[in-house]
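Counting the sequence shown from 1 gives a position; my numbering is that position plus 5. What follows is one structure encoded as structure tokens, with my remarks underneath.
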Amino acid sequence: MKRTGILLLLLTLFILFFYILFPKNLGGNSPVWELQERFFDEAYGGLRAEYFISMRMQKMWHEQDSIFYIWNDHDAFRMTEVYLKVDKKIADNCKIKTSGMIEWQRYDLHMLISADTLTDAPICITKGFWEYNLEQTEESVRELEAAEEIDAQALLDTVLLIRREYREALYRISGAEYRKVCAGIKKAIIGLIAVWAIYLLTWGTVEMVKRNYQRKVDEAMKDFIE
Numbered sequence: 006m007k008r009t010g011i012l013l014l015l016l017t018l019f020i021l022f023f024y025i026l027f028p029k030n031l032g033g034n035s036p037v038w039e040l041q042e043r044f045f046d047e048a049y050g051g052l053r054a055e056y057f058i059s060m061r062m063q064k065m066w067h068e069q070d071s072i073f074y075i076w077n078d079h080d081a082f083r084m085t086e087v088y089l090k091v092d093k094k095i096a097d098n099c100k101i102k103t104s105g106m107i108e109w110q111r112y113d114l115h116m117l118i119s120a121d122t123l124t125d126a127p128i129c130i131t132k133g134f135w136e137y138n139l140e141q142t143e144e145s146v147r148e149l150e151a152a153e154e155i156d157a158q159a160l161l162d163t164v165l166l167i168r169r170e171y172r173e174a175l176y177r178i179s180g181a182e183y184r185k186v187c188a189g190i191k192k193a194i195i196g197l198i199a200v201w202a203i204y205l206l207t208w209g210t211v212e213m214v215k216r217n218y219q220r221k222v223d224e225a226m227k228d229f230i231e
């Protein structure tokens with residue numbers, strides 16, 4: 006029992022450290038008291054984007070019923086890139102990379118549109134040697150429309166829609182993953198309690214049997230001596 010107790014103690018320390026105090030989340034281990042911040046704070050938005058846009062997270066995006074689906078470019082030997090593709094009905098040839106950046110190729114306008122999904126930074130539009138910044142102001146919209154004769158407002162509305170949908174989907178996925186990690190911690194705690202309860206109960210039963218046996222042996226020896 007003593008050897009079993011030592012092995013159980015080592016196992017407990019391992020589970021306590023790697024599954025309870027420093028559980029694995031977002032691709033690494035971090036303190037349990039930082040979990041909520043890592044899953045919901047804006048400062049970790051980039052980390053969440055990089056982790057959740059991966060092939061192993063395909064199912065979670067589908068479960069959230071979002072306008073995105075995970076896609077990858079690969080050759081015969083290795084995967085070269087993983088990103089989210091936006092529904093063609095909303096923005097054809099538009100993808101969101103693991104960095105959280107939108108890259109939208111508008112072949113009909115000969116433009117490359119890029120924007121950060123995690124901030125409200127201006128949208129960058131590149132056409133040939135020209136580069137424009139489109140902001141959420143009427144003046145910015147009018148300037149782009151005058152320079153390129155395009156529907157800048159429709160373009161802006163589409164990017165804003167993608168940003169909003171992306172943030173909401175990422176928040177829901179983060180919440181689902183956060184609950185999964187918390188459930189794992191709870192399961193590990195309950196498992197340790199159950200194992201130790203069984204061990205202590207077994208140890209107590211064995212000790213009781215040994216004492217009863219020793220008491221009977223002592224009584225038998227006493228009667229024999231007498």
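Where is the CB? At the ideal position from N, CA and C, for every residue including glycine. Given the structure is predicted, the values throughout are model-derived calculations rather than measurements.
Residue j beta carbon less than 8 Å from that of residue i
i, j, result
"E182", "F44", "yes"
"L123", "Y137", "no"
"I101", "R111", "no"
"I190", "P28", "yes"
"A316", "T163", "Any property of residue 316 remains undetermined from this structure, which presents the chain solely from 6 to 231."
"D80", "E86", "no"
"L161", "L175", "no"
"F23", "N34", "yes"
"W76", "K90", "yes"
"I167", "I107", "yes"
"L40", "V186", "yes"
"G105", "G50", "yes"
Coil, strand or helix - residue i by DSSP
i, result
"D78", "strand"
"Q232", "The structure shown has nothing for residue 232, since the chain only spans 6 to 231."
"Y112", "coil"
"I118", "strand"
"I107", "strand"
"G10", "helix"
"G33", "strand"
"R53", "helix"
"T142", "coil"
"R124", "Rather than Arg, the amino acid found at residue 124 in this sequence is Thr. Of the three classes helix, strand and coil, the one that applies to T124 here is coil, per DSSP."
"Q41", "helix"
"Q63", "helix"
"I203", "helix"
"I58", "coil"
Residues bridged to residue i [DSSP beta-bridge criterion]
i, result
"T163", "T163 is not bridged to any residue."
"Y88", "W76 and K102"
"E136", "T131"
Stretch pair the region 69-78 + the region 172-188: three plus CB contacts closer than 8 Å: Short answer: they touch.
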